[in-house]
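**Q** All letters in the sequence shown, in the order written, are residues 1 to 193 by the UniProt record's numbering. Dropping a structure here in structure tokens format, bear with me for questions.
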Amino acid sequence: MPKLFSKKPAKYPTDRVLSKMYSISKGSFSFSQDNVFLGQMPKRLIITCVDNDAFNGTYNSNPFHFKHNNLNFLGLYVDGNPISSKPIEPDYSNGQSIRAFNSLLVGSGKLASNKGIYINRDEFIQRYTLYAFDLTPDLCDGSHLNVVNQGNLRIELKFASALEKTISILVYAEFQNMIEKTNSRNVLCDFSI
């Protein structure tokens, strides 16, 4: 094994995870955030809303109760261009949320697999409203290395009614990166790949 490392460095693909939080004040109808990620684009993105007091840890609230808050528009943009041809536009008051639920299945890579997410559509609407996006160029769910895209990610949200409470928007992102062990046994982490 040491002879192998003396000729070539060993490279190991790895996933790097970042999370961000943004607050939206009570009474707001919309939210737009530029520069969510600037530079390397994530391969997967999950966005959800939780009450701000639950996020901060009050005893009588559940930090895992992800509410839809009557969201009626969710758009993602890289360098001003929409990621998908059409933003997610659910209408929770009329039970029209199948596209939002489908985003969770597709974005988590569970739609075409024999694995479940253990969240049914009713649970999605009532307490586990998560929006997931597969941002790989070939929509492969990151099962192999892809060319890394660079850009500026913007998130835009709109609500059908004014927010009743201050909420936190949680953004979970997975990035494709590389760890390299050089010939001299140094370990390098390349977070630009």
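From the three backbone atoms N, C-alpha and C, an ideal C-beta is built for every residue, glycine too. Here the structure is a predicted model, which means the values were calculated and not measured.
Just to confirm, is the Cβ distance from K86 to T129 under 8 Å?
**A** no
**Q** Pick out whichever of S61, P63, L74, E123 has its Cα sitting closest to the Cα of A160.
**A** Nearest of S61, P63, L74, E123 to A160, Cα basis: L74.
**Q** Please go through the same chain and pick out, in chain order, the residues whose beta-carbon is closer than 6 Å to the beta-carbon of L170, but skip the five residues on each side of it.
**A** M21, T48
**Q** Residue range of the beta strand (DSSP E) that V106 falls in?
**A** Per DSSP, V106 belongs to no beta strand (DSSP E); it is in the alpha helix (DSSP H), 98-107.
**Q** So L71 and L163 are in contact, right, with Cβ under 8 Å, and what is the actual spacing, rounded?
**A** Not really, about 10 Å apart at Cβ, beyond 8 Å.
**Q** So, for I119: in the same chain, excluding its five sequence neighbours on each side, which residues have a beta-carbon less than 6 Å away from its beta-carbon?
**A** Closer than 6 Å at the Cβ level, and outside the excluded window around I119, lie Y128.
**Q** Less than 8 Å between the CB atoms is what I'm expecting for Q33 and Q150, so what's the real figure, rounded?
**A** That belief does not hold up - the Cβ atoms of Q33 and Q150 are roughly 19 Å apart, past 8 Å.
**Q** Return the residue from the list Q96, A132, A10, D122 that minimises the CA-CA distance to L111.
**A** A132
**Q** Output the residue ranges of the alpha helix (DSSP H) runs that lie fully inside the region 108-193 and measure 4 residues or longer, sorted by chain position.
**A** 121-126
**Q** Going straight from the alpha carbon of D15 to that of K7, what length do you get?
**A** Distance between the alpha carbons of D15 and K7 is about 26 Å.
**Q** Taking the alpha-carbon positions, what's the P137 to F55 distance?
**A** 33 Å
**Q** Contact check, S108 vs I98 under 8 Å by CB: the rounded distance?
**A** No, S108 and I98 are not in contact; Cβ-Cβ is about 16 Å, not under 8 Å.
**Q** Enumerated in chain order, which unbroken segments of the alpha helix (DSSP H) with a length of 4 residues or greater are wholly contained in the region 22-97?
**A** 52-55
**Q** May I ask you to list the residues that DSSP assigns as paired with P9?
**A** Partner(s): none; P9 has no beta bridge.
**Q** Between N94, G95, G80, L76, which lies nearest to I88 when the distance is taken from Cα to Cα?
**A** L76
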